[in-house]
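Numbering (my numbering), first residue to last: 18 to 188.
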């Protein structure tokens with residue numbers, strides 16, 4: 018669960034970190050799209066910039082099944098809330114980040130009103146799964162229409178997360 022949160026912050030804080038002369042985006046991903054990560058600031062709408070961003074988000078989503086499985090094992094409501102709220106806020110943040118060129122030019126965050134709504138509505142596993150399903154569907158709507166390896170892989174991940182939410186909400 019910590020990796021999912023950490024990767025959310027690494028992606029979200031791209032510009033702030035770049036200005037502070039630090040980068041946390043893995044070279045294994047970034048080098049596929051640019052020689053240097055600061056190139057994305059110069060060309061935020063460039064297809065390679067968005068492909069790299071989307072690849073980063075996709076990489077983060079590899080942790081979602083573990084997050085859902087872990088949350089499903091928590092038995093006490095307060096413990097579930099404590100663990101689930103940051104995870105749900107992370108996936109909500111990914112909706113804002115995914116395929117969004119503003120990541121390269123400004124700070125992208127979820128609206129404060131949504132933050133409050135999430136904090137008040139993550140008391141049960143079914144509520145948490147509802148939010149995961151809701152946000153993964155929003156991301157699905159943002160997947161670029163042009164064919165790419167990352168777009169195809171994101172569709173696969175979206176389907177996996179939806180199925181995992183469905184299966185766990187019936188338990």
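All C-beta atoms in this analysis are idealised placements derived from N, C-alpha and C, irrespective of residue type, glycine included. Predicted, not measured: the structure shown is a model, and the values here were computed from it.
In chain order, which continuous runs of the alpha helix (DSSP H) of length 4 or greater are located wholly inside the segment 21 to 90?
-> Qualifying alpha helix (DSSP H) stretches, in chain order: 31 to 36, 44 to 47, 56 to 59, 64 to 77, 81 to 90.
Host alpha helix (DSSP H) of residue 169 (start-end) | One-based indexing of the chain shown puts residue 169 at position 152. Residue range 166 to 186 is occupied by the alpha helix (DSSP H) that includes residue 169.
Measuring CA to CA, which of 120, 118, 112 is closest to residue 158?
-> As a first step, residue 158 must be located in the chain shown, where it is residue number 141. Ranking 120, 118, 112 by CA distance to the CA of residue 158 puts 112 first.
Could you work out which residue in 140, 79, 57 is closest to residue 24 when comparing CA atoms only?
-> For the purposes of this step, residue 24 is taken as residue 7 along the chain shown, with counting starting at 1. Comparing Cα-Cα distances from residue 24 to each of 140, 79, 57, the minimum goes to 79.
So, residue 160 versus residue 171, is the Cβ gap smaller than 7 Å?
-> As a first step, residue 160 is located in the chain shown; it is residue number 143 there, counting from the start. As a first step, residue 171 is located in the chain shown; it is residue number 154 there, counting from the start. In terms of Cβ geometry, residue 160 and residue 171 form a close pair [threshold 7 Å].
Between the CA atoms of residue 88 and residue 68 - distance to the nearest angstrom = The residue given as residue 68 occupies position 51 in the chain shown. The residue given as residue 88 occupies position 71 in the chain shown. Taking the straight line joining both Cα atoms gives about 30 Å.
Quick one: what does DSSP say residue 115 is sitting in, helix, strand or coil?
-> Taking the first residue of the chain shown as 1, we reach residue 115 at position 98. Coil at residue 115, not helix or strand.
Is residue 161 helix, strand or coil by DSSP?
-> Position 144 of the chain shown, counted from the start, is the residue given in the question as residue 161. Of the three classes helix, strand and coil, the one that applies to residue 161 here is coil, per DSSP.
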